[in-house]
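If you want the numbering used here, it's the position in the sequence shown, counting the first as 1, plus 313.
Note that CB positions come from ideal geometry on N, CA and C, so glycine has one too.
Values in this document were obtained by computation on a predicted structure and should not be read as measured data.
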Amino acid sequence: MVTEQETLTIPVGSYTLAYYWQDRPYNLYIWRDKNGHYLGSYFNIVKNTSITDSLITFEDLIIDVLVFPNGDWYVLDEEELPVALAEFENGYVHQSLHVLTHGLDDLLLPILTEGKTRFRHESLFALLNENK
């Protein structure tokens, strides 16, 4: 993934941890390389997330936030909006983006910390390579 200032490469053998919430205006993907090192995170601004035993659905609202391991973050895909960000979805996306980006450090750090313990690389990597 490329921003105006940085590039994030996800090498072959990497994997994704996905987080979905019904009460938040975003979902989150965290990438780790084949050695378990954190590569970056990707937030989608969404609405109408539904989670059942067999299916997760949501409406992707175009705007995304890419976070690099050093904490730098970039808003992506604003140029794809059919109208100005402040007007898109009656301001819902703009407000959701504001809430996300102003609390990003407080939000992401605990998830990354918990993820290291809860989703241990050794266990995940073994599971991912079971059928190879």
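Where the alpha helix (DSSP H) containing residue i begins and where it ends
{"i": "Ser436", "result": "His434 to Leu441"}
{"i": "Asp419", "result": "Leu417 to Arg431"}
Classification of residue i by the beta-carbon crowding that lies within 10 angstroms, buried from 16 upward
{"i": "Ser367", "result": "exposed"}
{"i": "Gly353", "result": "buried"}
{"i": "Trp334", "result": "exposed"}
{"i": "Ile364", "result": "exposed"}
{"i": "Ile369", "result": "exposed"}
Residue i (DSSP reduced to helix, strand or coil)
{"i": "Thr320", "result": "strand"}
{"i": "Asn383", "result": "coil"}
{"i": "Glu392", "result": "helix"}
{"i": "Thr365", "result": "coil"}
{"i": "Ser327", "result": "coil"}
{"i": "Leu398", "result": "coil"}
{"i": "Tyr405", "result": "helix"}
The beta strand (DSSP E) enclosing residue i, as first and last residue numbers
{"i": "Arg345", "result": "Tyr339 to Arg345"}
Closest Cα partner of residue i within the set the options
{"i": "Arg431", "options": "Ile323, Arg337 and Tyr332", "result": "Tyr332"}
{"i": "Thr316", "options": "Leu441, Glu391, Leu425 and Gly428", "result": "Glu391"}
{"i": "Asp448", "options": "Trp344, Val378 and Tyr328", "result": "No answer is possible for residue 448: it lies beyond the span of the chain, which begins at 314 and ends at 445."}
{"i": "Lys360", "options": "Asn403, Leu441, Pro423 and Gly416", "result": "Asn403"}
{"i": "Tyr355", "options": "Ser363, Thr362, Arg345 and Gly349", "result": "Arg345"}
{"i": "Asp373", "options": "Val396, Asp385, Leu398 and Asn340", "result": "Asn340"}
{"i": "Ala397", "options": "Ile375, Tyr387 and His415", "result": "Ile375"}
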